[in-house]
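These protein sequence lines are chains A and B, in that order. Quick note, the numbering used here runs 25 ahead of the 1-based positions in the first sequence. Quick note, the numbering used here runs 25 ahead of the 1-based positions in the second sequence. No residue lacks a Cβ here, since even glycine has one placed at the ideal position from N, Cα and C. Keep in mind it's a predicted model, so treat the numbers as computed, not measured.
2 protein chains.
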Amino acid sequence: MNIQNLSREQLQERLGMLMQEYNSYKALGLKLDMSRGKPGADQLELTNDMLDPALLGDFKASNGFDVRNYGVLDGIPECKKLFSEILDVAPENLIVFGNASLTIMYDYIAQCMLFGAGAEPWAKQSGIKFLCPVPGYDRHFAILEHFGIEMINIPSNENGPDMGMIEELVKDEKVKGVICVPMYSNPSGITYSDETVRRFAALKPAAKDFRVIWDNAYCIHHINDTHDKLLNIFDAAKENGTEDFFIEVTSTSKVTFPGAGISVLAASDNNIKAIKSRMTIQTIGYDKINQLRHVNYLKDKAGVEAHMQKHAAVLKSKFDAVLDAFESTLAGKGIASWTVPNGGYFISLDVYEGCAKRTVALCKEAGVTLTGAGATYPYGKDPEDKNIRIAPTFPSRDELCKAVEILCLCVEIAAIEKILG
Amino acid sequence: MNIQNLSREQLQERLGMLMQEYNSYKALGLKLDMSRGKPGADQLELTNDMLDPALLGDFKASNGFDVRNYGVLDGIPECKKLFSEILDVAPENLIVFGNASLTIMYDYIAQCMLFGAGAEPWAKQSGIKFLCPVPGYDRHFAILEHFGIEMINIPSNENGPDMGMIEELVKDEKVKGVICVPMYSNPSGITYSDETVRRFAALKPAAKDFRVIWDNAYCIHHINDTHDKLLNIFDAAKENGTEDFFIEVTSTSKVTFPGAGISVLAASDNNIKAIKSRMTIQTIGYDKINQLRHVNYLKDKAGVEAHMQKHAAVLKSKFDAVLDAFESTLAGKGIASWTVPNGGYFISLDVYEGCAKRTVALCKEAGVTLTGAGATYPYGKDPEDKNIRIAPTFPSRDELCKAVEILCLCVEIAAIEKILG
Numbered sequence: 026m027n028i029q030n031l032s033r034e035q036l037q038e039r040l041g042m043l044m045q046e047y048n049s050y051k052a053l054g055l056k057l058d059m060s061r062g063k064p065g066a067d068q069l070e071l072t073n074d075m076l077d078p079a080l081l082g083d084f085k086a087s088n089g090f091d092v093r094n095y096g097v098l099d100g101i102p103e104c105k106k107l108f109s110e111i112l113d114v115a116p117e118n119l120i121v122f123g124n125a126s127l128t129i130m131y132d133y134i135a136q137c138m139l140f141g142a143g144a145e146p147w148a149k150q151s152g153i154k155f156l157c158p159v160p161g162y163d164r165h166f167a168i169l170e171h172f173g174i175e176m177i178n179i180p181s182n183e184n185g186p187d188m189g190m191i192e193e194l195v196k197d198e199k200v201k202g203v204i205c206v207p208m209y210s211n212p213s214g215i216t217y218s219d220e221t222v223r224r225f226a227a228l229k230p231a232a233k234d235f236r237v238i239w240d241n242a243y244c245i246h247h248i249n250d251t252h253d254k255l256l257n258i259f260d261a262a263k264e265n266g267t268e269d270f271f272i273e274v275t276s277t278s279k280v281t282f283p284g285a286g287i288s289v290l291a292a293s294d295n296n297i298k299a300i301k302s303r304m305t306i307q308t309i310g311y312d313k314i315n316q317l318r319h320v321n322y323l324k325d326k327a328g329v330e331a332h333m334q335k336h337a338a339v340l341k342s343k344f345d346a347v348l349d350a351f352e353s354t355l356a357g358k359g360i361a362s363w364t365v366p367n368g369g370y371f372i373s374l375d376v377y378e379g380c381a382k383r384t385v386a387l388c389k390e391a392g393v394t395l396t397g398a399g400a401t402y403p404y405g406k407d408p409e410d411k412n413i414r415i416a417p418t419f420p421s422r423d424e425l426c427k428a429v430e431i432l433c434l435c436v437e438i439a440a441i442e443k444i445l446g
Numbered sequence: 026m027n028i029q030n031l032s033r034e035q036l037q038e039r040l041g042m043l044m045q046e047y048n049s050y051k052a053l054g055l056k057l058d059m060s061r062g063k064p065g066a067d068q069l070e071l072t073n074d075m076l077d078p079a080l081l082g083d084f085k086a087s088n089g090f091d092v093r094n095y096g097v098l099d100g101i102p103e104c105k106k107l108f109s110e111i112l113d114v115a116p117e118n119l120i121v122f123g124n125a126s127l128t129i130m131y132d133y134i135a136q137c138m139l140f141g142a143g144a145e146p147w148a149k150q151s152g153i154k155f156l157c158p159v160p161g162y163d164r165h166f167a168i169l170e171h172f173g174i175e176m177i178n179i180p181s182n183e184n185g186p187d188m189g190m191i192e193e194l195v196k197d198e199k200v201k202g203v204i205c206v207p208m209y210s211n212p213s214g215i216t217y218s219d220e221t222v223r224r225f226a227a228l229k230p231a232a233k234d235f236r237v238i239w240d241n242a243y244c245i246h247h248i249n250d251t252h253d254k255l256l257n258i259f260d261a262a263k264e265n266g267t268e269d270f271f272i273e274v275t276s277t278s279k280v281t282f283p284g285a286g287i288s289v290l291a292a293s294d295n296n297i298k299a300i301k302s303r304m305t306i307q308t309i310g311y312d313k314i315n316q317l318r319h320v321n322y323l324k325d326k327a328g329v330e331a332h333m334q335k336h337a338a339v340l341k342s343k344f345d346a347v348l349d350a351f352e353s354t355l356a357g358k359g360i361a362s363w364t365v366p367n368g369g370y371f372i373s374l375d376v377y378e379g380c381a382k383r384t385v386a387l388c389k390e391a392g393v394t395l396t397g398a399g400a401t402y403p404y405g406k407d408p409e410d411k412n413i414r415i416a417p418t419f420p421s422r423d424e425l426c427k428a429v430e431i432l433c434l435c436v437e438i439a440a441i442e443k444i445l446g
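Below is the structure:
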C-alpha cells in the first residue's frame with residue numbers, strides 16, 4: 026500500500042489509528058537508545074580473555090623492549106606487523122597510537138593547521154575547504170567545523186561519492202582534502218567501488234597540500250557471509266604517485282574494547298616522517314602493554330577474522346531485526362528507503378522528504394533516542410531533511426525490536442502529517 | 026685538595042694519571058645509560074599485580090558505566106577522586122587523560138596556538154614568549170621550540186626561579202607564560218618555597234591570556250624520609266583570583282608503569298570548560314579499563330603513598346650511590362657542585378665552567394651515556410656550559426656505581442684540561 030496513493034480521508038483515518046498506537050507506546054515510558062555506534066553488552070564480553078596477564082609473558086616485545094617502560098614511539102614491531110597484515114601496508118608505513126583513531130585524525134588536521142602539509146600552514150591560508158561525501162560521519166564533520174574548515178557536501182550512491190564532482194572541485198586550490206569512510210561507510214554501509222578508489226588515487230588537485238582522510242574504521246567488520254572488498258588505496262596511489270595525499274586510519278575499538286583498543290595510521294614515507302617528527306615532541310610512546318596484550322591475544326590476521334566472526338554473529342541478528350521490520354512495515358509504502366549493508370555499524374534510512382527531524386522528535390517523545398536528524402550532514406544540515414542514521418548495535422535485541430517498531434510507526438506518522446500538510 | 030690550587034706541573038702530572046685510569050675504563054667497552062629518567066627494571070616489577078583482571082570486577086565504574094565501552098570524556102569518578110586526594114583539587118577541576126602528561130601539555134599549548142587562551146590565538150600573535158626556569162626539562166623546551174615560542178632563561182636557586190625577574194618580565198604582553206616543575210624539579214630536585222608559590226599566584230601579567238604550565242610530575246615521588254612540601258598553587262591562586270593562569274599536570278608514569286600509566290590535568294572551572302569543549306571533538310574518552318585498574322589497585326592516597334615507598338627504597342640506594350661517589354671523589358676539589366634532592370628523578374651536577382660538553386663527550390667515549398650537555402637549557406644552550414643532568418634510576422646499582430666512577434673521572438679530566446688551557 027503506497028501511502029501516496031491514499032485519499033486525504035484515508036490518510037486521516039490511518040493517521041488517527043497510528044496515533045492511537047503511538048500513544049500507547051508513549052504510555053510505556055520506554056528508554057531505548059539507538060543513537061550511537063556503540064557495541065552492545067554481549068559484544069563487550071567477547072574479548073575479556075585478552076585481559077589475562079599470562080598473555081604478557083615476560084613483558085618483552087620482539088625487539089627486546091620492556092613494554093612496561095618508556096619508549097618505542099611508533100609501536101612494538103609485532104603490533105605493526107599485525108596491522109600490516111590487516112591493512113596490507115608495509116610495517117614502516119604504520120604508526121600505532123592510543124585508543125582512538127578519532128584522536129589521530131584530530132591531531133593530524135591540527136598539525137596541518139599549525140605546520141601545514143608540505144606547504145603554508147592551513148591556519149594561515151584563508152577560506153580552505155574539505156569535501157564531505159554525504160551522508161557521512163558526524164564526528165568527522167565536527168573536527169572540520171572545529172578547525173574552521175568549510176565543508177562541501179558530495180552526494181554518494183552505492184559506489185561511493187560522486188567522483189566527477191570531486192574531480193571538478195579539487196581544481197580549486199582552496200580545496201585541501203576529503204574526509205570519508207570508504208568501507209561499510211558510516212552511515213550507509215556501502216563500500217567504494219574499485220573505480221571510485223582508482224579515481225581517488227588519480228585525483229589531480231590544484232592544492233599541493235591536499236589530503237584525503239581515509240577512515241577505514243570498518244575494514245574487517247563484516248556482518249554477512251558476503252564480504253565487501255575495498256581496493257588498497259596505497260596500491261592504487263602508487264600507480265599515480267599520489268601516496269602523499271592519503272592518510273588511512275583504523276582501530277580495534279570495535280574488535281576488542283571500544284574504550285581500550287589501539288589505533289593505527291597508515292601513510293606514505295613522507296607523511297610518516299612528518300608525523301613522527303611531531304610525535305617525538307608530543308609523546309614518549311603510547312601504551313605498549315595494551316599493544317602486546319592485543320597482539321598476543323589476536324595473534325594474526327586469521328585470529329582477528331575469527332574474532333570478528335563472533336561479533337558478526339551478534340550483529341547479524343540485530344541488523345536483521347531492523348531490516349526485517351523495515352521490510353515488513355515500511356516496504357512499498359513509498360515513504361522510506363534504506364541500505365542493506367554487508368558490514369559496518371549502521372543502516373542509512375531515508376524517510377519521506379522533509380520528515381527526518383519530525384520522525385526523530387516523535388521517536389524521542391516515545392522514549393526512543395536516535396542519532397539527531399541532520400547529524401549525517403556537515404553543520405547538521407540535511408538539505409532534504411530525510412536521512413536518519415540507524416545504529417542497531419547498542420540495545421539488546423528485544424529492546425531493539427521494540428525501538429524499531431516505534432521508529433517505523435513514527436516514519437509513517439511523520440510522512441502522513443507531511444502529505445496532509 | 027682543591028684542583029685550582031695546584032701548580033701547572035702538578036696538574037699535568039695528575040692529568041696523566043687520570044688519563045691512564047680513563048683509558049683502562051675505555052678498554053672495557055662498557056655500555057651504560059644514564060641519559061633519561063626511566064625507572065629501572067626492579068621498579069617495573071613493583072606494579073605487576075595491577076594487571077590482575079580480578080581487579081576489574083564486573084567492569085562497572087562507580088557511575089554504572091561499563092569501562093570497556095565508549096564514553097566518559099573526563100575520567101571515571103573514582104579515578105578523579107583518587108587524583109583529587111593526591112593533588113588536593115576538587116574532582117570537577119580534574120580531567121583524566123591517556124598515558125602521558127607530556128601529551129596533555131603539548132595538546133594544551135597546541136590549543137592555545139590555534140584557539141587562544143581566552144584571547145587571540147597565540148599563532149596569530151607574533152613574537153610570543155615563555156619564561157623557562159633553568160636548569161629545566163628538555164621536553165618542555167622542545168614543545169615550546171616546536172611551536173615557535175621564544176624562550177627566556179630564568180635562573181633558579183634552592184627556592185625556585187628568580188621571582189623578581191619573572192615579575193618584571195610578565196609586564197611584557199608578549200610573555201604568555203611559564204613552564205616549570207615546581208616540586209623535586211627536573212633536574213635540580215629542589216621544591217619551590219611557599220613564598221615562590223605565593224609570588225607565582227600573585228603575578229600580574231600584562232597578557233590576559235597568560236598560562237603557567239605547572240608540571241607537578243613528582244608530587245608524590247619522595248626518596249628520603251624527609252619529604253619536601255609544595256604549597257597548593259590553586260589555594261594560593263584563589264586568594265588572588267588568578268586560578269585561570271595555572272594548568273597543573275601529573276601522571277602515574279613513575280607510580281605504576283611508565284608506558285602504561287594514566288595522566289591528569291587540574292585547572293580552573295573556566296579552563297576545564299574550554300579544554301572539555303576541545304576534547305569532545307578530539308576523543309570519545311580515554312582508556313577507562315586502565316583507569317579502573319589503577320584505582321582498584323592503588324585504592325586511595327594512602328595506598329599510593331605505600332606504593333611509592335617501594336619505589337623510594339629502590340631509588341634511595343641509587344641516589345645514595347651517586348651522591349656518595351660525588352662526595353668522596355669530587356668534594357673539595359673546587360670543580361663541581363651538585364644538588365641533594367629529597368625526591369624526584371634527577372641530580373643536577375654543575376661541573377667546572379665551560380666543561381659540561383667535554384665531560385659528557387669523555388663519558389660517551391668511555392661507554393657512559395649521559396643526558397646531552399645543554400639539554401637542561403632552552404635551545405640546548407647552557408650559557409656557562411656547566412650543567413649536567415644525572416639520571417640514576419635506569420641502570421642497575423652495579424652499573425650505576427661503575428658509571429659514576431667514570432663520570433667523576435671525566436669531570437676532573439675536563440676541569441684540568443680547561444685550567445691548563
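For this session: Can you tell me which of B:N211, B:V206, B:P212, B:G214 puts its alpha carbon nearest to the alpha carbon of B:V222?
Result: Against the second sequence, residue 222 of chain B aligns to sequence position 197. The option with the nearest alpha carbon to B:V222 is B:V206.
For this session: Flag this pair as yes or no: are the beta carbons of A:L228 and A:E192 separated by less than 8 Å?
Result: Residue 228 of chain A sits at position 203 when you count from the first residue of the first sequence. Residue 192 of chain A sits at position 167 when you count from the first residue of the first sequence. Going by C-beta atoms, A:L228 is nearer than 8 Å to A:E192.
Exercise. Rounded to a whole number of angstroms, what is the C-alpha to C-alpha distance between B:G368 and B:L71?
Worked result: Against the second sequence, residue 368 of chain B aligns to sequence position 343. Against the second sequence, residue 71 of chain B aligns to sequence position 46. Cα to Cα, B:G368 sits roughly 18 Å from B:L71.
For this session: Answer yes or no: do A:K199 and A:H246 have a C-beta to C-beta separation smaller than 8 Å?
Result: Here residue 199 of chain A corresponds to residue number 174 of the first sequence, with the count starting at 1. Here residue 246 of chain A corresponds to residue number 221 of the first sequence, with the count starting at 1. Taking a C-beta distance under 8 Å as the contact criterion, A:K199 and A:H246 do not qualify as a contact pair.
Problem set entry | CB-CB length for A:D260 against A:N296, believed under 8 Å | In the first sequence, the residue the question calls residue 260 of chain A occupies position 235. In the first sequence, the residue the question calls residue 296 of chain A occupies position 271. With a contact defined as Cβ atoms closer than 8 Å, A:D260 and A:N296 miss out at about 16 Å.
Exercise. Whose Cβ in chain B lies nearer than 7 Å to the Cβ of A:N94?
Worked result: Within the first sequence, numbered from 1, the residue matching residue 94 of chain A stands at position 69. For A:N94, the C-beta contacts it makes with chain B under 7 Å involve K63, P64, L69, P283, G284, in order along the chain.
For this session: Go through its chain and collect everything with a Cβ distance to B:T394's Cβ below 6 Å, but skip five positions before and after it.
Result: Taking the first residue of the second sequence as position 1, residue 394 of chain B is located at position 369. D58, S60.
Exercise. Nearest chain B C-beta to A:K313 closer than 8 Å, yes or no?
Worked result: Within the first sequence, the letter at position 288 stands for residue 313 of chain A. For A:K313, at least one C-beta of chain B is nearer than 8 Å to its own C-beta.
Problem set entry | Counted within 10 angstroms of its Cβ, other Cβ atoms place B:Q45 as buried (16 or more) or exposed | Within the second sequence, the letter at position 20 stands for residue 45 of chain B. By the 10 Å Cβ count, B:Q45 comes out exposed.
Problem set entry | Closer than 7 Å at the beta carbon, the chain B residues around A:H171 | The count along the first sequence starts at 1 and reaches residue 171 of chain A at position 146. Within 7 Å of the CB of A:H171, the CB atoms of chain B belong to I306, in sequence order along the chain.
Problem set entry | Residue from B:I248, B:C426, B:I238, B:T128 with nearest C-alpha to B:G214 | On the second sequence, position 189 is the one that residue 214 of chain B refers to. The option with the nearest alpha carbon to B:G214 is B:I248.
Problem set entry | Local Cβ density within 10 Å of A:V502, reported as buried at 16 or more and exposed below that | Because chain A is modelled from 26 through 446, residue 502 of chain A falls outside the range shown and cannot be assessed.
Problem set entry | Segment contact, 8 Å Cβ cut-off, at least three pairs: the region 107 to 121 of chain B with the region 294 to 310 of chain A | No: the two stretches stay apart, fewer than three of their Cβ pairs being nearer than 8 Å.
For this session: Taking only the alpha-carbon atoms, compute the straight-line gap between B:F140 and A:A232 and give it to the nearest angstrom.
Result: Along the second sequence, read from residue 1 onward, the residue named residue 140 of chain B stands at position 115. Along the first sequence, read from residue 1 onward, the residue named residue 232 of chain A stands at position 207. Spanning the two alpha carbons is a distance of roughly 25 Å.
For this session: Under 7 Å Cβ to Cβ from A:D325, same chain only, skipping five residues before and after it: list those, please.
Result: Taking the first sequence and counting its residues from 1, one reaches residue 325 of chain A at position 300. Excluding sequence neighbours, A:D325 sits near L107, E110.
Exercise. Taking any Cβ of chain B, which residues in the region 385 to 418 of chain A have a Cβ under 7 Å from it, in chain order?
Worked result: The residues in question: there are none.
Exercise. By Cβ distance below 6 Å, which residues in the same chain neighbour B:V385 in space, the five residues on each side in sequence not counted?
Worked result: Counting from 1 along the second sequence, the entry for residue 385 of chain B is found at position 360. If we look at B:V385 and ignore the five residues flanking it on each side, its Cβ neighbours are L395, A398.
For this session: For the region 118 to 127 of chain B and the region 302 to 322 of chain A, state whether three or more C-beta atom pairs, one from each stretch, are separated by less than 8 Å.
Result: Taking a contact to require three or more Cβ pairs closer than 8 Å, the region 118 to 127 of chain B and the region 302 to 322 of chain A qualify as touching.
Problem set entry | Proximal chain A residues relative to B:G141, where beta-carbon distance stays under 7 Å | The residue given as residue 141 of chain B occupies position 116 in the second sequence. Annotation: B:G141 has no Cβ neighbours in chain A at a cutoff of 7 Å; minimum Cβ distance is about 12 Å.
For this session: Pull up the DSSP beta-bridge partners for B:D363, would you.
Result: Residue mapping note: residue 363 of chain B aligns to position 338 of the second sequence, counting from 1. The question names Asp, but residue 363 of chain B is Trp in the sequence shown. Under DSSP, B:W363 shares a beta bridge with B:L374.
Problem set entry | Where B:M42 falls, given that 16 or more other Cβ within 10 Å makes a residue buried | Taking the second sequence and counting its residues from 1, one reaches residue 42 of chain B at position 17. Counting every other CB atom within 10 Å of its CB across the protein chains shown gives B:M42 a total below 16, marking it as exposed.
Problem set entry | Same chain, Cβ closer than 7 Å to A:I431, neighbours up to 5 away in sequence not counted | Counted from its first residue, the first sequence places residue 431 of chain A at position 406. So the qualifying residues of the chain are Y50, C388, A391, V393.
Exercise. What are the boundary residues of the beta strand (DSSP E) that includes A:G202?
Worked result: The residue labelled residue 202 of chain A in the question sits at position 177 within the first sequence. 200 to 205 is the span of the beta strand (DSSP E), which, as asked, contains A:G202.
For this session: Report yes if the C-beta of B:E198 is less than 7 Å from at least one heavy atom of the ligand ADP; otherwise report no.
Result: No copy of the ligand ADP appears in this structure; indeed no ligand is present at all.
For this session: Measure the alpha-carbon distance for A:N178 versus A:P212 and round it to whole angstroms.
Result: Stepping through the first sequence from its first residue, residue 178 of chain A is reached at position 153. Stepping through the first sequence from its first residue, residue 212 of chain A is reached at position 187. Looking at the two C-alpha atoms, the distance is approximately 15 Å.
Exercise. Rounded to whole angstroms, how far is the Cβ of B:C244 from the Cβ of B:M208, which I believe are closer than 8 Å?
Worked result: Position 219 of the second sequence holds residue 244 of chain B. Position 183 of the second sequence holds residue 208 of chain B. Contact flag correct, Cβ pair sits at about 6 Å.
For this session: Determine whether the Cβ of A:L425 lies closer than 8 Å to any Cβ atom of chain C.
Result: Absence of chain C from the displayed structure is noted, the protein chains being A and B.
Exercise. Are the beta-carbon atoms belonging to A:Y377 and A:K411 less than 8 Å from one another?
Worked result: As a first step, residue 377 of chain A is located in the first sequence; it is residue number 352 there, counting from the start. As a first step, residue 411 of chain A is located in the first sequence; it is residue number 386 there, counting from the start. For the pair A:Y377 and A:K411, the CB atoms are nearer than the 8 Å cut-off.
For this session: Please go through the same chain and pick out, in chain order, the residues whose beta-carbon is closer than 7 Å to the beta-carbon of A:I314, but skip the five residues on each side of it.
Result: Reading the first sequence from its first residue, position 289 is the one you call residue 314 of chain A. Once the five neighbours on either side are set aside, the close Cβ partners of A:I314 are L81, V92, R93.
Problem set entry | Burial state of B:K301 (16 or more Cβ within 10 Å) | Translated into the one-based positions of the second sequence, residue 301 of chain B becomes position 276. Result: exposed.
For this session: Taking A:F271 as part of the alpha helix (DSSP H), name the residues at either end of that continuous run.
Result: Numbered from its first residue, the first sequence carries residue 271 of chain A at position 246. No alpha helix (DSSP H) contains A:F271, which is instead part of the beta strand (DSSP E) from 271 to 276.
For this session: Using a cut-off of 8 Å between C-beta atoms, extract the partners of B:T277 located in chain A.
Result: The sequence position of residue 277 of chain B within the second sequence is 252, counting from 1. The contacting residues do not exist; B:T277 stays about 12 Å from chain A at best.
Exercise. Ends of the alpha helix (DSSP H) at B:T394?
Worked result: For the purposes of this step, residue 394 of chain B is taken as the residue at position 369 of the second sequence. Under the DSSP assignment, B:T394 falls outside any alpha helix (DSSP H), being part of the beta strand (DSSP E) whose first and last residues are 393 to 395.
Exercise. Can you check whether the CB of A:V436 is closer than 8 Å to the CB of A:I372?
Worked result: Within the first sequence, the letter at position 347 stands for residue 372 of chain A. Within the first sequence, the letter at position 411 stands for residue 436 of chain A. At a Cβ-Cβ threshold of 8 Å, A:I372 and A:V436 do not count as neighbours.
Exercise. Are the beta-carbon atoms belonging to B:K335 and B:R422 less than 8 Å from one another?
Worked result: For this step, residue 335 of chain B is matched to residue 310 along the second sequence. For this step, residue 422 of chain B is matched to residue 397 along the second sequence. The criterion of a C-beta distance shorter than 8 Å is not satisfied by B:K335 and B:R422.
Problem set entry | Interface partners of A:D83 on chain B, CB under 9 Å | Mapped onto the first sequence, residue 83 of chain A falls at position 58. Neighbours of A:D83 on chain B: none; closest Cβ ~11 Å, over 9 Å.
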